[in-house]
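Numbering-wise (the numbering used here), the sequence shown opens with residue 935 and increments by one. Note that CB positions come from ideal geometry on N, CA and C, so glycine has one too. Fair warning: this is a prediction, and the values are worked out from it, not measured in the lab.
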Amino acid sequence: MDPKTTIKKNIKRRTAIVDDAVYLHNGFPMPTWVELSLIDVCNRTCSFCPKSDPSVAPDTYQLMSRTLIDKVHDNLLGIKYQGAIALCGYGEPLLYKDWKYLTNKLGELGGIEIVTNGDTLTKKSLTELYNSKVTRILISLYDGPEQVVKFKNLL
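As structure tokens, then:
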């Protein structure tokens, strides 16, 4: 797939959420896109990622707690949040074991998008994600075209 085509699709996808309309709360513009990094550990060392260099971004095994998830939920609910939540960042979101709690809680507020390398995906976990409040899964493919076959076989 042509990288420029992929970039254009991603811009179009986000534009529908981010640029749709300005939402004000108490006279202030509110965000329409929230990105959360749930865990600071990744199972890969991609050359373009800061996580590939432990001196820059070491694995500290920090996890987003349920207390913090509840606080994010309550604060977004308090401003009547109308946007999407992306689970991505400096760690692999599917290594975060409490993803079901998080997606069910924050899924009450809007769409949940997961950006993953897909390494941990199985038919079972993909079915669980499908049946959760996750609205989109984006799998980053860095190894080559053979990965497409692997993920198609999960469907």
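Residue i to residue j span [Cα, whole Å]
i, j, result
"Leu972", "Ser1074", "17 angstroms"
"Leu997", "Asp1032", "9 angstroms"
"Gly1078", "Thr940", "15 angstroms"
"Lys942", "Leu1072", "15 angstroms"
"Glu1047", "Asn960", "28 angstroms"
"Thr1069", "Cys983", "26 angstroms"
"Val1082", "Leu1060", "15 angstroms"
Buried or exposed by the 16-neighbour rule on C-beta atoms within 10 Å, applied to residue i
i, result
"Cys976", "buried"
"Leu916", "Only positions 935 to 1089 of the chain appear in this structure, which leaves residue 916 out of reach."
"Lys985", "buried"
"Pro992", "exposed"
"Asn1051", "buried"
"Asp1008", "exposed"
"Asp1004", "exposed"
"Pro963", "exposed"
Residue range of the beta strand (DSSP E) that includes residue i
i, result
"Leu970", "967 to 970"
"Leu1072", "1068 to 1073"
"Glu1062", "Glu1062 -> not in any beta strand (DSSP E); alpha helix (DSSP H) instead, spanning 1057 to 1064."
"Val1049", "1045 to 1050"
"Leu1021", "1018 to 1021"
The alpha helix (DSSP H) enclosing residue i, as first and last residue numbers
i, result
"Gly1012", "1000 to 1012"
"Tyr1037", "The displayed chain sequence assigns Thr, not Tyr, to residue 1037. 1033 to 1040 is the span of the alpha helix (DSSP H), which, as asked, contains Thr1037."
"Leu1088", "1080 to 1088"
Strand pairing of residue i, partner residues [DSSP]
i, result
"Phe962", "His959"
"Ala991", "DSSP output for Ala991 lists no bridge partner at all."
"Leu997", "Ile973"
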